[in-house]
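Notes follow the structure.
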Amino acid sequence: RRDVLVLTPWLAPIVWEGTFSRDILDAQYVQKNLVTGVVTFAVEKYVPFIEGFMRSADKYFLAGHPVNFYLFTDNPEKVSHLQMAPENHLFVIPVQNHSGWQDISTSRMEIVSTYIHSRFQHEVDYLYSMDINVQLLAHIGVEIIDALVATISSWQFTPHPEDKASEPRPESQAAIPEGEWDFYYTASFYGGSVSEVYKLTRACSEGLMEDRENGIEARWQDESHLNKYLLHHKPTRLLSPEYYWDAEL
Amino acid sequence: RQDVLTVTPWLAPIVWEGTFNPEILDSAYKPLNLTIGVTVFAVGKYTRFVRHFLQSAEQHFMRGYRVIYYIFTDSPEAIPQAQLQPGRRLVTVPIQKYPSWQEISMRRMEAINRHVAEVSHGEVQYLFCLDVDMVFHNPWGPETLGDMVAAIHPGYFKVPREQFPYERRSSSAAFIPEGEGDFYYGGAVFGGLVRKVYEFTKTCHMTILADKANGIMAAWQEESHLNRHFLSHKPSKLLSPEYMWDDKKPKPPEIRLIRFSSVVKNYKEVRD
């Protein structure tokens, strides 16, 4: 690929179709006997997305490798009939719903970090957080497996990406000084090794909590905090917007 | 850089001038308080290269980081006392001299492996194994750090795979069949996390011994074994030939900066 940037200035590869050989990567992954987890939330109005997401993820996410899907939902009955591929597992974790989607979005970071600590770290080596309101349309494979992985938001490729990145409330813990950011990452798909994801979700939930105590809400909620974290803890691998395209655009 | 390959098919970066920002890398690595080890072998007449190697390393290698030079030698008294920057020190490691230069070269793997197990694993986080008959001309910094790092041989980076001088005899443990192989890596530069270097040197030493038992010596000694190993255990980072250049070669446009290159010498004279 000569038409796109394939390496960041800190030498993290940016994954685009055509930049890698899935066969070589599969062989390396299998050699290490790894298990990867996916964590996703389906609360209230997001419950109808469960079926579409789970079917497509079961089919396309790390196909052929064992995957643990962790689904946090306030509607566990909706899930009981789902059939997964033999190497995959679905774990349904009931949660209470909260008023307003901003609230569940805020505590997602905290929930994930808590569960990593108490459970996920013992069950998976790598963990990815994905929004439920997506359908995978093509294979997402082991090219995503690395220590700290973030997806470049499709907003990066719009005429004024800095508009999305700018945080109008500089007192927020998520504020990034103008011109200092590298890329704008989406909170809809990120992950990495269980220890790196723990550090990230811990840091973000602490930032969110501090903002809350000061009565501030960062503009894009956990996405703003994610971007602030990744500015100072550079991802070891980036996924191109091919991996998550925002339908809003 | 659009003119060269900067990422391998297994998503390992290939480090070229222009692909990285040294400041960003320094700000990520300096806070980790790392100590970087370097092994060089100065046996017999090769001790004459140490002074210039060290002088140039002091100027260009990992500036601002803690460094330990491990000089493996059969004549410690021939190693010059060098003035080093603060945070950097030199240690001589006594080793046996073998009768032939090929044997000396191949025994490096065993010596490095043993030394890692006994000493350097506790002193450094990253270790580079370099040839001593070479000199630094430009910065060699944290862009080179990685789990397992190999360098592309300057003579073969633009050459098709069929022409790589892999060991082609199937009786050798370093055998790579036609049609296989990613790159031709040079034996003069490799490195990585100290435990990865330990595993790597152990495996290479084992395959070298296997060949010895079968009365065979690989085409390019330990370099052949190194290439065999990196085919099945791919490096996590590659260094472009900027990091292992041959001054006898004319500089092509892809090489914007020569960082480390071989000293012109009379092979016959120095290997006796």
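Protein chains in written order, with full-length UniProt numbering: chain A, 1 to 249; chain B, 1 to 272. Virtual Cβ for every residue (Gly too), placed ideally from N, Cα, C.
message: Quick check: what's the CA-CA separation for residue 284 of chain B versus B/G186?
response: Outside the displayed range of chain B (1 to 272) lies residue 284 of chain B, so it cannot be described from this structure.
query: Going by the CB atoms, is the gap between A/V149 and A/G192 shorter than 8 Å?
result: If you number the first sequence from 1, residue 192 of chain A lands on position 192. If you number the first sequence from 1, residue 149 of chain A lands on position 149. Cβ atoms of A/G192 and A/V149: closer than 8 Å.
message: Please classify A/D211 as buried or exposed, where buried requires at least 16 neighbouring CB atoms within 10 angstroms.
response: Numbered from 1 along the first sequence, position 211 holds the residue referred to as residue 211 of chain A. So A/D211 counts as buried.
Straight-line Cα distance separating A/E110 from A/N68: Within the first sequence, the letter at position 68 stands for residue 68 of chain A. Within the first sequence, the letter at position 110 stands for residue 110 of chain A. Computed Cα separation, rounded: 20 Å.
- prompt: Looking at B/P22 and B/G141, is the spacing between their C-beta atoms short of 8 Å?
  reply: Working through the second sequence from its first residue, we reach residue 141 of chain B at position 141. Working through the second sequence from its first residue, we reach residue 22 of chain B at position 22. It is a contact, given that the beta carbons lie within the stated cut-off.
query: Would B/T207 count as contacting chain A if we go by Cβ distances under 8 Å?
result: Locating residue 207 of chain B in the second sequence gives position 207, where the first residue counts as 1. Judged by the 8 Å Cβ criterion, B/T207 is not in contact with chain A.
- prompt: Given that A/K234 touches chain B, what residues does it touch there, using C-beta distances under 8 Å?
  reply: What you label residue 234 of chain A is simply residue 234 of the first sequence in a count that begins at 1. Chain B residues near A/K234: I24 and A28.
query: Is there at least one Cβ from chain A nearer than 8 Å to B/K196's Cβ?
result: As a first step, residue 196 of chain B must be located in the second sequence, where it is residue number 196. Judged by the 8 Å Cβ criterion, B/K196 is not in contact with chain A.
task: Check A/S193 in the structure and name its three-state DSSP category.
output: Mapped onto the first sequence, residue 193 of chain A falls at position 193. Strand at A/S193.
- request: With a cut-off of 8 Å on the beta carbons, I'd call A/T151 and A/L231 a contact; round off their distance for me.
  value: Here the question's residue 151 of chain A lines up with position 151 in the first sequence. Here the question's residue 231 of chain A lines up with position 231 in the first sequence. With a Cβ gap of about 15 Å, A/T151 and A/L231 do not count as contacting.
message: Taking the alpha helix (DSSP H) that B/R271 belongs to, which residues open and close that run?
response: Here residue 271 of chain B is taken as the residue at index 271 of the second sequence, counted from 1. Here the alpha helix (DSSP H) through B/R271 covers Y267 to R271.
field: Meets three-Cβ-pair contact criterion under 8 Å: the stretch 161 to 174 of chain B and the stretch 52 to 59 of chain B
entry: no
field: Contact list for A/W10 against chain B, beta-carbon separation under 8 Å
entry: Position 10 of the first sequence, counting from 1, holds the residue named residue 10 of chain A. Neighbours of A/W10 on chain B, chain order: F20, N21, I24, L25 and A28.
- request: Give a yes or no on whether 8 Å exceeds the smallest Cβ distance from B/Q96 to chain A.
  value: Mapped onto the second sequence, residue 96 of chain B falls at position 96. It does not: the Cβ of B/Q96 has no partner Cβ on chain A nearer than 8 Å.
query: Are the C-beta of A/I24 and some C-beta of chain B separated by less than 8 Å?
result: Indexing the first sequence from 1 puts residue 24 of chain A at position 24. It does; some Cβ of chain B falls within 8 Å.
query: Just the Cα atoms here: how many angstroms apart are B/K265 and B/P160?
result: Numbered from 1 along the second sequence, position 265 holds the residue referred to as residue 265 of chain B. Numbered from 1 along the second sequence, position 160 holds the residue referred to as residue 160 of chain B. Straight-line Cα distance between these residues: approximately 28 Å.
query: Can you find a CB in chain A that lies within less than 8 Å of the CB of B/Q2?
result: In the second sequence, residue 2 of chain B corresponds to position 2, counting from 1. At least one chain A Cβ lies under 8 Å of B/Q2.
Closest residue to A/A138 among A/I14, A/I93, A/Y60 and A/E223 (Cα-Cα distance): Residue numbering aside, residue 138 of chain A sits at position 138 when the first sequence is read from its first letter. Ranking the options by Cα distance to A/A138, first place goes to A/Y60.
- request: Determine the direct distance from the alpha carbon of A/I50 to that of B/R228, and round the result to whole angstroms.
  value: Numbered from 1 along the second sequence, position 228 holds the residue referred to as residue 228 of chain B. Numbered from 1 along the first sequence, position 50 holds the residue referred to as residue 50 of chain A. When rounded, the distance between both Cα atoms is 47 Å.
query: Hey, B/F20 and A/W16: beta-carbon distance below 8 Å or not?
result: Stepping through the second sequence from its first residue, residue 20 of chain B is reached at position 20. Stepping through the first sequence from its first residue, residue 16 of chain A is reached at position 16. Against a cut-off of 8 Å, the Cβ pair of A/W16 and B/F20 comes out as no contact.
- prompt: Looking at the C-beta of A/L249, does it have a partner C-beta in chain B at a distance below 8 Å?
  reply: If you number the first sequence from 1, residue 249 of chain A lands on position 249. With a pLDDT of only 40 at A/L249, under the threshold of 50, the placement of this residue in the model should not be trusted, and no figure is reported.
message: Looking at the strands, I want to know which residues DSSP matches up with A/A150.
response: Working through the first sequence from its first residue, we reach residue 150 of chain A at position 150. According to DSSP, which records beta bridges pairwise, A/A150 is partnered with A/Y190 and A/L238.
field: Residues of the stretch 136 to 147 of chain B with Cβ closer than 9 Å to any Cβ of chain A, in chain order
entry: E143 and G146
message: By the 8 Å beta-carbon criterion, what residues does the stretch 227 to 245 of chain B contribute toward chain A?
response: K234 and K237
Sequence-distant residues of its chain with Cβ nearer than 8 Å to A/N133 (five each side left out): Position 133 of the first sequence holds residue 133 of chain A. For A/N133, where only same-chain residues beyond five positions count, the Cβ hits under 8 Å are Y46, F49 and F53.
Residue range of the unbroken beta strand (DSSP E) whose run includes B/A219: Looking up residue 219 of chain B in the second sequence gives position 219. Segment: none, B/A219 is in no beta strand (DSSP E) and carries neither H nor E.
Cα-Cα separation between B/Q125 and B/K212, rounded to whole angstroms: For the purposes of this step, residue 125 of chain B is taken as the residue at position 125 of the second sequence. For the purposes of this step, residue 212 of chain B is taken as the residue at position 212 of the second sequence. Whole-angstrom Cα-Cα distance: 32 Å.
message: As an exercise, report each continuous beta strand (DSSP E) stretch of at least 3 residues that is fully enclosed by the stretch 131 to 207 of chain B, in chain order.
response: 134 to 136, 148 to 152 and 185 to 193
field: Test: B/V189 CB closer than 8 Å to a CB of chain A
entry: Taking the first residue of the second sequence as position 1, residue 189 of chain B is located at position 189. No - not a single Cβ of chain A is within 8 Å of the one on B/V189.
task: Compare the C-beta of B/T6 with all C-beta atoms of chain A and state if any pair is closer than 8 Å.
output: As a working mapping, residue 6 of chain B is identified with position 6 in the second sequence. Yes, B/T6 counts as interfacial toward chain A.
- prompt: Can you name the residues of chain A whose CB is closer than 7 Å to the CB of B/P9?
  reply: Against the second sequence, residue 9 of chain B aligns to sequence position 9. Simply F20, S21 and I24.
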